[in-house]
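In full-length UniProt numbering, the protein residues as written are 1 to 416.
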């Protein structure tokens with residue numbers, strides 16, 4: 001089967017962002033399928049291609065699959081207008097690939113939601129089936145956060161509904177996301193949940209640890225690694241750091257790794273309040289991030305206090321922490337809290353509560369045996385339930401079933 005995998009923010013292992021698309025493309029290729037990933041230039045990503053762009057694109061073989069990378073920059077630090085323009089440019093660039101002959105299946109991974117446009121065009125022009133993946137539910141999340149024009153939300157509503165209704169199958173990263181697809185008219189039997197999983201090769205007790213120079217040997221390092229945007233609500237972490245410093249706590253250092261539109265303001269705020277227990281680090285490749293996890297004692301999963309986040313997210317941060325054998329502190333109710341409490345593999349605190357966050361960090365910092373027990377429980381969860389290789393196998397079977405099923409028949413896949 002010849003598969004076109006549309007993922008504007010795709011990255012291989014050499015980048016500092018998520019590698020789900022690389023792993024799943026490799027799994028499809030290992031199953032005997034001919035896979036081409038079409039992507040743009042996402043900040044922090046590394047596609048594995050290093051040649052020059054010619055006429056706005058470059059392409060080549062990466063592992064078992066082919067990559068077509070368009071010279072369309074995009075990143076979280078860009079403003080809404082610039083990102084929206086990048087989304088539309090990518091959709092326009094990818095449309096000829098999707099509509100060309102010889103493709104058996106288009107897999108469109110959102111966000112951005114505009115990746116559905118080439119898939120819908122291929123279905124309309126050539127009858128090519130497509131599978132729609134929801135990594136973040138749009139426009140549900142933008143609407144919940146606010147700040148997006150009503151006209152844009154209206155357009156996204158129509159596009160999301162069309163994608164969910166016309167897809168041969170829908171892949172969602174959580175049950176909450178799956179419900180948004182069903183609410184838009186997707187056949188429930190064609191909606192499958194394949195969450196983010198754990199990379200047990202890059203994260204785990206077998207990885208040699210690394211700690212930044214600012215970290216004293218006795219300090220318990222609490223690591224946040226990810227986007228520094230409005231949705232991440234990292235101000236609460238700086239408030240917790242200020243409380244710890246005011247109490248004279250000298251055993252905890254907070255590390256923030258990544259980039260985003262809010263990072264300059266966060267760094268300025270930390271400097272203004274003299275937070276000597278906070279260290280900001282640039283984004284780093286996934287292998288280096290695995291080494292940093294091995295050198296830390298606590299993993300942090302933080303989001304802004306938006307109720308919709310409770311069931312509409314599937315964060316890599318939790319999975320990386322579990323794989324590394326670290327206790328995870330999350331400030332999100334719902335799915336994140338359930339994962340952490342199931343181990344129990346960490347501590348769940350309320351959103352927007354820096355006091356509770358500071359207390360959780362102190363509890364773990366001063367109780368090594370608790371850290372060890374909950375970290376070990378998290379690693380067991382990672383191996384037994386969240387191993388990305390197991391999830392990739394399910395993913396492959398869903399895509400194969402989407403093409404193999406005659407019209408009108410239903411393929412049912414189990415959920416984790």
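Just so you know, even glycine gets a beta-carbon here, dropped at the ideal spot from N, CA and C.
Within the same chain, 212, 214, 215, 253, 254, 255 and 256 come within 8 Å of residue 279 by CB-CB distance, once the 5 residues on both sides are set aside. Around residue 51, the same chain offers 58 as residues with beta carbons nearer than 6 Å, after the five sequence neighbours per side are excluded. 6 is the residue among 6, 169 and 109 whose C-alpha sits nearest the C-alpha of residue 66. Listed in chain order, the beta strand (DSSP E) elements of length 3 or more contained wholly in the segment 82-120 are 105-110. Closest in alpha carbon position to residue 72, among 81, 227, 93 and 380, is 93.
Relative to the Cα of residue 386, the nearest Cα in the group 219, 49, 199 and 396 belongs to 199. In this structure the segment 174-185 does not touch the segment 113-131; the number of beta carbon pairs closer than 8 Å is below three. A contact is defined here as three or more CB-CB pairs under 8 Å, and the segment 11-24 meets this definition with respect to the segment 33-47.
Taken through DSSP and simplified to helix, strand or coil, residue 280 comes out as strand. When beta bridges are read from the DSSP output, residue 299 appears opposite 223 and 328. The beta carbon of residue 375 sits closer than 6 Å to the beta carbons of 325, 326 and 327 from its chain, once the five residues preceding and following it are set aside; these are given in chain order.
In the three-state reduction of the DSSP assignment, residue 334 falls in the coil class. Here the segment 239-247 makes contact with the segment 354-367; the two share three or more CB pairs at distances below 8 Å. By the C-beta criterion, the segment 261-271 is judged not to be in contact with the segment 296-307, since fewer than 3 inter-stretch pairs fall below 8 Å. Excluding sequence positions up to five before and after residue 276, its CB lies within less than 8 Å of the CB of 245, all in the same chain and listed in chain order. For residue 130, the pairing in a beta bridge is given by DSSP as 106. Short of 7 Å from the beta carbon of residue 141, and not among the five residues preceding or following it, lie these beta carbons of its own chain, in chain order: 308 and 312. Between the segment 142-160 and the segment 89-103, the count of C-beta pairs closer than 8 Å stays below three; the two stretches do not touch. From the listed residues 392, 306, 219 and 344, the smallest Cα separation to residue 295 is found for 219. Counting only residues of its own chain and dropping the five nearest sequence neighbours on each side, residue 137 has a CB closer than 6 Å to the CB of 177, 180 and 312. Residue state for residue 385 is assigned as coil, using DSSP reduced to three classes. Going by beta carbons, residue 30 and residue 64 fall inside the 8 Å limit. Put simply, the backbone Cα of residue 331 is about 8 Å away from that of residue 337.
Setting aside the 5 residues that flank it on each side, residue 205 is surrounded in the same chain by 325, each with a C-beta closer than 6 Å to its C-beta; the list follows chain order. Taking 8 Å as the cut-off, the beta carbon of residue 391 is found no closer than this to the beta carbon of residue 286. In its chain, beyond the 5 residues on either side, 327, 363 and 364 have a beta carbon closer than 8 Å to the beta carbon of residue 370. Judged by DSSP secondary structure, residue 6 falls within the beta strand (DSSP E) whose first and last residues are 2-6. In this structure, residue 105 keeps its C-beta atom at 8 Å or more from the C-beta atom of residue 393.
An exposed status is given to residue 151, since fewer than 16 other beta-carbon atoms sit within 10 Å of its beta-carbon.
A Cβ-Cβ contact shorter than 8 Å links residue 163 with residue 120.
Comparing C-alpha distances from residue 383 to each of 323, 223 and 329 shows the shortest one belongs to 323.
DSSP places residue 354 within a helical segment (H, G or I) once states are collapsed to three. The beta carbon of residue 340 sits closer than 6 Å to the beta carbons of 328, 330, 346 and 348 from its chain, once the five residues preceding and following it are set aside; these are given in chain order.
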